[in-house]
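> Residues in the sequence shown are numbered from 1124 upward in steps of one, following this note's numbering.
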Amino acid sequence: MKNPTAIDYLRFIIPSLIGIFLFMTPLPSDEAVTIPIAIMSNWLQGLIGPSIPGIMTILIVVAALLSLVARIVKPSFITNSDFLTNLFAVGWFWVIVRVIAAVFAIITFYQLGGSSTELIWSEYTGGLLLGEEGLITLLFTIFFFAGLFLPLLLNFGLLEWFGALMAKIMRPLFRLPGRSSIDALASWLGDGTIGVMLTNKQYEEGYYSKREAAVIGTTFSVVSITFSIVVIETIGLAQYFVPFYATVALAGFVAAIIMPRIPPLSLKKKTYVTEAEEDDELEDIPEGKTRIQHGTEMALAAAKKNNSVGGFFKSGFKNVLDMWIGVAPVVMAFGTIALILAENTNFFVILGTPFVPILELLQIPEAADAAQTMVVGFADMFLPAIIGESINSELTRFVIAAVSVTQLIYMSEVGGVLLGSKVPVNFLDLVLIFLLRTIITLPIIAGVAHLLF
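#1: Can you grab the Cα-Cα spacing for the pair L1574 / A1378, in whole Å?
#2: Hey, quick one: how far does the alpha helix (DSSP H) through N1469 stretch, first residue to last?
#3: Per the contact definition of three or more C-beta pairs closer than 8 Å, is the segment 1417-1436 in contact with the segment 1226-1246?
#4: Start and end of the alpha helix (DSSP H) containing G1142?
#5: Buried or exposed: where does W1215 fall if 16 or more other Cβ atoms within 10 Å of its Cβ makes it buried?
#6: Quick one: what does DSSP say E1356 is sitting in, helix, strand or coil?
#7: So, at 7 Å on beta carbons, what are the nonlocal neighbours of T1561 in its own chain, with the 5 sequence-adjacent residues on each side left out?
#8: P1488 to T1342, Cα distance in whole Å?
#9: Roughly how many angstroms separate the alpha carbons of K1545 and Y1326, rounded to a whole number?
#10: Spell out a yes or no on whether the segment 1280-1287 and the segment 1298-1307 are touching, meaning 3 or more CB-CB pairs, one atom from each, closer than 8 Å.
#11: Which whole-angstrom value describes the C-beta separation of E1255 and P1138, a residue pair presumed to lie in contact below a C-beta threshold of 8 Å?
#12: In the structure shown, what three-state DSSP assignment does T1342 receive?
#13: Mapping DSSP to helix, strand and coil, what is P1366?
#14: Quick one: what does DSSP say T1231 is sitting in, helix, strand or coil?
#15: Quick test of your reading: A1186 and R1221, contact by CB under 8 Å. State the CB separation rounded to the nearest angstrom.
#16: For I1568, which option in L1282, V1453, P1547, L1518 has the closest C-alpha, if you only look at C-alpha atoms?
#17: Under 8 Å Cβ to Cβ from K1393, same chain only, skipping five residues before and after it: list those, please.
#18: Under the three-state reduction of DSSP, which class applies to P1480: helix, strand or coil?
#19: Taking the beta carbon of V1432 as the centre, do at least 16 other beta carbons fall within 10 Å, making it buried, or is it exposed?
#20: So for E1536, helix, strand or coil by DSSP?
#21: Need the endpoints of the alpha helix (DSSP H) that M1382 sits in, please.
#22: Short of 6 Å in beta carbon distance, which residues of its chain neighbour Q1362, apart from the five on each side in sequence? Order them along the chain.
#23: What distance in whole Å lies between the Cβ atoms of G1270 and M1446, which are believed to be in contact at a cut-off of 8 Å?
#24: Using only the alpha-carbon positions, how far apart do L1277 and L1321 sit?
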């Protein structure tokens, strides 16, 4: 970009700083340290909280009905709009998922069927998702603000600038482009669902390959610091938060290095959404320029393309609708089924049996009781802490808490959000990634726990 003006620099700097403030700046709140987007989300939830389950039920039902209409009737108002086609003209599998979600949402919201359907609408299954303080209620508010302001991170040069600076770190360590560092920071400081939103948008716009999007979405969608505090308090070890979070960071870092180098992530296609081949040279620095100079030039060029206020809000509202319609039904369908299995069957107890000898080998006390917590987190990230709080051994409770946070893939949150996004991962991928992360991080966490207790 030749002879940039002060306006060009301001067009890059001001929106990017606002984006950094909203998505990445830790601020003290009533309960813990969090980010402004989460504070705004909590404010809106407090303002209209009782109405949100009804609103989300309507949105989930609309998603199911319009998906059926788009597949069967194919009306012109959908087929003539790329945005609506992308939103509703989904494959039959996802149409069925949305219909199941609509049925679950209606049953849960109205508690239809009484005791005969209680396993669907109880406070530990569908009610945990669609209740006044449930995950889907939270997703409504977090998606509203995060989706609306996401263009501040995406469209004004911040990714280009960080991409040039961080490529030398992200490529050799994680086999990822430098711009993915923004996804990692937004997830770590804020919430894993925000990281998935960022990754999904970047993949759709052709900045990440299929392999890169799958790696970022399943490796860097980290549980927020706020939730980590809740987990360690629930397990009764709040006094160990600093070593607990340091252990989580260490185990997560090791997993992030290993996971992209082994199946299923290593087998993902190195092609973009356009099917073009992955190109590491896109991040090469032109001869005679520093990384900062090159990053600044690309950032200014990106910012200059986005100088319309109307375009900014249009892009933001499209993000919001995309997440509401695309993600909420998947979370409702898969999350409810997973929670029903966790609460009403021995499914996860049986699946956890192979972990008994592993835990015994690692000299973890009460291994038989702890084994199911190694797999039950796949249903919901909070279940291991709830089950583990009754275990007597502090060492074992520490291991359960740390493993549950480093597993990352939870069907009631990040797992459901990933399946509802365009990120190229399927259910089997998520199962394998969840188990592999558990196997990789467990020995590290157990080793630290033995040093502490």
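Ideal Cβ placement from N, Cα and C applies to all residues, glycine included.
On the basis of the coordinates in this document:
#1: 21 Å
#2: Where N1469 is concerned, there is no enclosing alpha helix (DSSP H), given that its DSSP letter is neither H nor E.
#3: no
#4: 1129-1147
#5: With fewer than 16 other Cβ atoms within 10 Å, it is exposed.
#6: Looking at E1356 - three-state DSSP - the assignment turns out to be helix.
#7: M1497, V1526, Q1530
#8: 29 Å
#9: 8 Å
#10: yes
#11: At roughly 34 Å, the Cβ-Cβ gap does not stay under 8 Å, so E1255 and P1138 are not in contact.
#12: Of the three classes helix, strand and coil, the one that applies to T1342 here is helix, per DSSP.
#13: helix
#14: helix
#15: 5 Å
#16: L1518
#17: S1332, K1333, R1334, E1400, E1401
#18: Reduced to three states, the DSSP call for P1480 is helix.
#19: exposed
#20: coil
#21: Per DSSP, M1382 belongs to no alpha helix (DSSP H) and is neither H nor E.
#22: The answer is none, since no qualifying residue turns up.
#23: Taking the Cβ atoms as the reference, M1446 lies roughly 5 Å from G1270, within the contact range of under 8 Å.
#24: In a straight line, the C-alpha of L1277 is about 8 Å away from that of L1321.
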